Amino acid sequence: MSAILQQIADALYDGKNNEVAALTHQALDTGLTAAEILDDGLVAGMDRVGADFKNGDLFVPEVLIAARAMHAGMDILRPLLAESDVPSAGKVILGTVAGDLHDIGKNLVAMMLEGGGFDVVDLGIDITPEKFVEAVKKETPDLVGLSALLTTTMPSMEKTIDALKAAGLRDSVKVMIGGAPVTQDYADNVGADGYAADAASAVDLARALMA
Ligand code: B1M
241 MSAILQQIAD
251 ALYDGKNNEV
261 AALTHQALDT
271 GLTAAEILDD
281 GLVAGMDRVG
291 ADFKNGDLFV
301 PEVLIAARAM
311 HAGMDILRPL
321 LAESDVPSAG
331 KVILGTVAGD
341 LHDIGKNLVA
351 MMLEGGGFDV
361 VDLGIDITPE
371 KFVEAVKKET
381 PDLVGLSALL
391 TTTMPSMEKT
401 IDALKAAGLR
411 DSVKVMIGGA
421 PVTQDYADNV
431 GADGYAADAA
441 SAVDLARALM
451 A
């Protein structure tokens with residue numbers, strides 16, 4: 241990997257957004273493509289953030305700061321990527337389920353997925369099954385991600401999956417779920433395609449579901 245891409249990954253890991261922006265411009269000036277800078281600079285840096293978050297070496301504030309640095313680079317690359325038709329890793333619709341207002345974890349998942357090269361449509365909080373169904377019809381995503389933080393709102397996950405079935409959309413998407421009270425057993429019981437315990441694992445899971 242070229243030295244400048246390594247520098248971008250390092251600066252992103254350290255949350256240095258101005259440095260990431262300057263290095264991204266510099267990398268473009270040296271002739272590297274937007275796709276190379278995305279994959280081997282920004283995504284590589286965010287993958288390291290994800291791995292260290294998963295193993296407890298980084299915490300939520302550091303991940304948020306790194307995500308801000310990733311956005312500084314993405315803002316420069318986005319128009320170039322749109323022009324060059326670089327395929328995304330996949331399109332994900334994400335939301336916190338009906339009745340639930342918690343979004344800190346869901347936002348982290350969104351940022352990490354973006355850092356992993358996915359297009360993310362974040363529907364927000366308190367999203368009813370009907371709104372998920374509408375969004376799947378409109379956006380035709382590859383994946384639907386459901387987040388819940390309350391034991392009382394976990395049943396909204398099953399209701400959302402049932403609504404996708406009733407609308408004839410279940411086979412067109414993979415459904416991944418997560419949130420503090422959610423478990424793999426629960427995911428199996430409600431017929432989700434996968435469960436992730438944290439934001440970094442959500443990226444691994446999304447990649448596996450796309451494979
Ligand atoms: Co609430 N709350 N809260 N709260 N709150 C909890 C969740 C609670 C455990 C606190 C407690 O009692 N100890 C408890 C739930 C108990 C239960 O159901 N078993 C609780 C309660 C009861 C409530 C209210 C009912 C309180 C009340 O009003 N009486 C109320 C409910 C409101 C509602 O939603 N309808 C309420 C309200 C709130 C605030 C609004 C004040 C605020 C939310 C602010 C916000 O999100 N914008 C809040 C907060 C902050 C919390 C705690 C303190 C922190 C949650 C959090 O952000 N964690 C929480 C207690 C705790 O966890 N210590 C608590 C950090 C975040 C990074 O982690 O969200 O787990 P987490 O996300 C992780 C993983 O779970 C995973 O990845 C993330 C990053 O690694 N993940 C996914 C999440 N979504 C995923 C999706 C995926 C994959 C992975 O795939 C799609």
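For what it's worth, the working numbering labels the leading residue of the sequence shown as 241, then goes sequentially. All C-beta atoms in this analysis are idealised placements derived from N, C-alpha and C, irrespective of residue type, glycine included. None of the values given here were measured: they were computed from a predicted structure.
{"query": "Verify the contact flag: Gly431, CB atom, against every heavy atom of the ligand B1M, threshold strictly below 6 angstroms.", "result": "no"}
{"query": "Less than 7 angstroms between the beta carbons of Ala267 and Ile277, yes or no?", "result": "yes"}
{"query": "Report the three-state DSSP secondary structure of Gly357 (helix, strand or coil).", "result": "coil"}
{"query": "I'd like the list of long-range same chain contacts for Leu252, defined as Cβ closer than 8 angstroms, with 5 residues on each side in sequence excluded.", "result": "Val260, Gly281, Leu282, Gly285, Met286, Val289, Ala306, Ala309, Met310 and Gly313"}
{"query": "Cβ of Thr393 within 7 angstroms of Cβ of Gly339?", "result": "yes"}
{"query": "For Ser387, which of helix, strand or coil comes out of DSSP?", "result": "strand"}
{"query": "In three-state DSSP terms, what is Gly285?", "result": "helix"}
{"query": "Less than 6 angstroms separating the Cβ of Thr264 from some heavy atom of the ligand B1M?", "result": "no"}
{"query": "Can we count Gly271 as close to the ligand B1M, meaning its CB is less than 6 angstroms from some heavy atom?", "result": "no"}
{"query": "Can you tell which of Glu374, Thr264 and Leu317 has its C-alpha closest to the C-alpha of Ala243?", "result": "Thr264"}
{"query": "Should the segment 374-382 be regarded as contacting the segment 338-353, the criterion being three or more beta carbon pairs within less than 8 angstroms?", "result": "no"}
{"query": "Compute the minimum distance between the beta carbon of Asp425 and the heavy atoms of the ligand B1M, and state whether it is under 6 angstroms.", "result": "no"}
{"query": "Ignore the nearest five residues each way along the sequence and tell me which others in Gly357's own chain have a CB closer than 8 angstroms to its CB.", "result": "Leu278, Asp279, Val283, Ser328 and Ala329"}
{"query": "What residue range does the beta strand (DSSP E) around Thr336 cover?", "result": "Lys331 to Val337"}
{"query": "Measuring CB to CB, does Thr336 end up less than 7 angstroms from Ser387?", "result": "yes"}
{"query": "Measuring only from the beta carbon, is Met450 closer than 6 angstroms to any heavy atom that is part of the ligand B1M?", "result": "no"}
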